[in-house]
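The C-terminal residue of the first sequence carries number 229 in UniProt numbering, and the numbering is unbroken. Virtual Cβ for every residue (Gly too), placed ideally from N, Cα, C. Computed from a prediction, not measured in an experiment: that's the story for all the values here.
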Amino acid sequence: MDTQELRQQQIIKAAEVIRHDDYSFDQPAFIAGADVGFEQEGEVTRAAIALLRYPSLELVEHRIARINTTMPYIPGFLSFREYPALLAAWEQLQQKPDLLFVDGHGISHPRRLGVASHFGLLVDVPTIGVAKKRLCGKFEPLGPEVGAKQPLMDKGEQLAWVWRSKMRCNPLFVATGHRVSTDSALMWVERCMRGYRLPEPTRWADAVASNRPAFQRWQALPPSLGIEE
DNA sequence: GCGACAG
DNA sequence: ATCTTGTCGC
1 MDTQELRQQQ IIKAAEVIRH DDYSFDQPAF IAGADVGFEQ EGEVTRAAIA LLRYPSLELV
61 EHRIARINTT MPYIPGFLSF REYPALLAAW EQLQQKPDLL FVDGHGISHP RRLGVASHFG
121 LLVDVPTIGV AKKRLCGKFE PLGPEVGAKQ PLMDKGEQLA WVWRSKMRCN PLFVATGHRV
181 STDSALMWVE RCMRGYRLPE PTRWADAVAS NRPAFQRWQA LPPSLGIEE
């Protein structure tokens, strides 16, 4: 399948993305984070999903799926490369989240279908895109203070909020994935911050996927076992 | 034509 | 994304 066909698919699916708040909870019980990485020269795609309880933000479940990579990385077509592994990890979840943060863009994409939007449509769950780099659009310089923000604009429409989540760190690009408005997307991300550049859902997904120290400690002493003093 | 280009 | 230690700054 060539990029011209994929491009056409993106345009069709992008029209199905719901950009307003459309969920049944006042407050979600579970929020999850998803992250994708690659192994063996990119031959293997690894997706991780971390499920957190809200508002405590404690990690309650994590799943990792590894599958053979089906597509090369082409800017603007990332979702086609990542969604198969994400689906595999998603199906393994015992408890589905009310809201999902995806590492990558939402509608802040040339054809308005970043991986957060594409995956949100596939599994029909509210999603938010939390990206670390710009893909398209323009924005004014941000103030140095935590909380500083500027709208990411493209062709006359706001696609995301460029938001400084932590002092002296590059800003995040927070956008609607599916079924969540731009402003709510930022609100939920703000509510999931715990002092790091990334919100907890995405930060944990990354820690789980990379087997980071914080995750290793969690595996050794799961807080749920009540071992803490 | 030239530069940009999520993970 | 991934290959990888120490190092500079707050």
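Buried/exposed call for residue i, threshold 16 Cβ in 10 Å
i: residue 129; result: buried
i: residue 210; result: exposed
i: residue 137; result: buried
i: residue 146; result: exposed
i: residue 228; result: The pLDDT assigned to residue 228 is 39, lower than 50, so where the model puts this residue is not dependable; a value taken from the coordinates is nonetheless given after this. By the neighbour-count rule (16 or more Cβ atoms within 10 Å), residue 228 is not buried but exposed.
i: residue 74; result: exposed
i: residue 24; result: exposed
i: residue 20; result: exposed
i: residue 201; result: buried
i: residue 56; result: exposed
i: residue 206; result: buried
i: residue 42; result: exposed
i: residue 81; result: buried
i: residue 85; result: buried
i: residue 65; result: buried
Alpha-carbon to alpha-carbon, residue j and residue i
i: residue 4; j: residue 71; result: 15 Å
i: residue 122; j: residue 6; result: 15 Å
i: residue 32; j: residue 1; result: 31 Å
i: residue 169; j: residue 197; result: 7 Å
i: residue 69; j: residue 214; result: 28 Å
i: residue 156; j: residue 217; result: 47 Å
i: residue 140; j: residue 83; result: 32 Å
i: residue 37; j: residue 95; result: 23 Å
i: residue 47; j: residue 148; result: 31 Å
i: residue 199; j: residue 212; result: 16 Å
i: residue 204; j: residue 154; result: 31 Å
i: residue 45; j: residue 39; result: 6 Å
i: residue 150; j: residue 26; result: 27 Å
i: residue 90; j: residue 142; result: 35 Å
i: residue 193; j: residue 58; result: 12 Å
i: residue 191; j: residue 134; result: 23 Å
i: residue 220; j: residue 92; result: 22 Å
i: residue 167; j: residue 87; result: 34 Å
i: residue 222; j: residue 67; result: 28 Å
i: residue 195; j: residue 144; result: 16 Å
Contact belief for residue i with residue j at Cβ below 8 Å, rounded distance in angstroms
i: residue 100; j: residue 60; result: Incorrect: roughly 14 Å between the Cβ atoms, too far for contact.
i: residue 186; j: residue 131; result: Actually they are not in contact, since the Cβ atoms of residue 186 and residue 131 sit about 13 Å apart, beyond 8 Å.
i: residue 189; j: residue 50; result: Contact flag wrong, Cβ pair sits at about 15 Å.
i: residue 53; j: residue 29; result: 7 Å
i: residue 114; j: residue 79; result: 7 Å
Close-in-space but distant-in-sequence residues of the same chain around residue i (CB under 7 Å, 5 per side omitted)
i: residue 238; result: The displayed coordinates of the chain run from 1 to 229. Any statement about residue 238 would go beyond what the structure contains.
i: residue 184; result: 21
i: residue 182; result: 158, 160, 161, 175, 176
Distance cut-off 7 Å: residue i Cβ against heavy atoms of the ligand MN
i: residue 202; result: Looking for the ligand MN in the displayed structure turns up nothing, as the structure carries no ligands at all.
Same chain, Cβ closer than 8 Å to residue i, neighbours up to 5 away in sequence not counted
i: residue 111; result: 7, 10, 11, 14, 76
i: residue 152; result: 108, 134, 137, 138, 139, 158, 159, 160, 161, 162, 173, 175
6 Å CB neighbourhood of residue i in its chain, flanking five on each side removed
i: residue 62; result: 50, 208
i: residue 22; result: 179
Any contact of the stretch 105-115 with the stretch 167-187, i.e. 3+ C-beta pairs under 8 Å? yes
Using 8 Å as the threshold, is the stretch 150-169 in touch with the stretch 86-101, meaning 3 or more CB pairs across them? no
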